[in-house]
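In what follows, a structure is listed as structure tokens, so that the remarks can point back to it.
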Amino acid sequence: MSTILIVDDERDMVELLSDELTARGHRVLAAYDGERGIELAGSKPDLVILDVMMPGRDGFDVCRAIRDTVACPILFVSARQSENDRVKGFSMGGDDYIVKPFGLRELLARIEANLRREERARQNIGAGVGDKAAQPLLRWGNLELDLKGMSVTVCGKPVALTRKEYEIVELLALHAGQVFSREQIYERIWGWDAEGDSSTIVEHIKKIRAKLAAADLSGDYIQTVWGIGYKWKRGRR
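If you count the sequence shown from 1, you need to add 159 to reach this note's numbering.
Have a look at this one:
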């Protein structure tokens, strides 16, 4: 059973979606404003459905407030349809974005797809597949990547990466020197059936670089290969 947090000021929609998710065996937490949503996020849900346009603290603000402590997928729902809004949602740490009005079946399918991806990620970690089993700790300069703990430290201090940011770092680091296009990174991290936009990779890379640079000004771990994509630059120590 998964715990799903819904944060939306449209009570009818919340009640309808809650009934459907409960019937599918999920536990549902509901918040009708951003402040309450931030409080309930402390219960560590398995997925968050977050409306963008709410009075007071909007969905982008809520996502910013919880993203560093909530590792689960965040699915934005919004009447805003522009590419800028979608990119902003992804840059805030969202994992999916669905535009209102939408069909209930589509939203339920997106929810289940995100939960399946999370479950596959947990299974892969538990199985210790590939390089993770042989070398759980990898180092590049001042950076240490803990593959089992899914964490990154720089100069001995933890770097607060979101789940997707960590997964991008892990993908590039485990294939140091190999160039990945934005589309390849998006497909590997979000899955081939994801409905988002690979442009979110640019925002995620920007945030990863800023966090790593804040911890180590001398570090330069991700290199842009212009016109192609990105690669992990530093050699293993």
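Cβ atoms here follow ideal geometry from the backbone N, Cα and C, with glycine treated the same way. Everything numeric in this text was worked out from a predicted model, so none of it was measured.
With a minimum length of 3 residues, the unbroken runs of beta strand (DSSP E) contained wholly in the stretch 167–238 fall at 186–190, 206–210, 233–237. A check of alpha carbon separations from Pro260 across Asp210, Glu242, Pro214 identifies Asp210 as the nearest.
From the listed residues Met172, Ser202, Asp255, the smallest Cα separation to Trp349 is found for Asp255.
Assignment of Asp254 by DSSP, reduced to helix, strand and coil, places it in the coil class. Only residues of its own chain outside the window of five on either side were considered, and among them Leu306, Lys307 have a CB closer than 6 Å to the CB of Pro295, listed in chain order.
Taking C-alpha positions only, Ser177 is separated from His363 by approximately 31 Å.
The C-alpha of Met160 lies about 43 Å from the C-alpha of Val384.
Straight-line measurement puts the Cα of Leu266 at about 21 Å from the Cα of Lys203.
From the listed residues Asp217, Ile225, Gly193, Ala182, the smallest Cα separation to Gly201 is found for Ile225. Judged by DSSP secondary structure, Ile381 falls outside any alpha helix (DSSP H) and instead within the beta strand (DSSP E) spanning 381–384. Here Trp391 has Leu331, Ala332, Ala335 as same chain residues with Cβ atoms under 6 Å from its own Cβ, once five neighbours each way along the sequence are excluded. Here DSSP, grouped into helix, strand and coil, assigns Phe339 to strand. Taking the C-beta atoms as reference points, Val361 is found nearer than 8 Å to Arg341.
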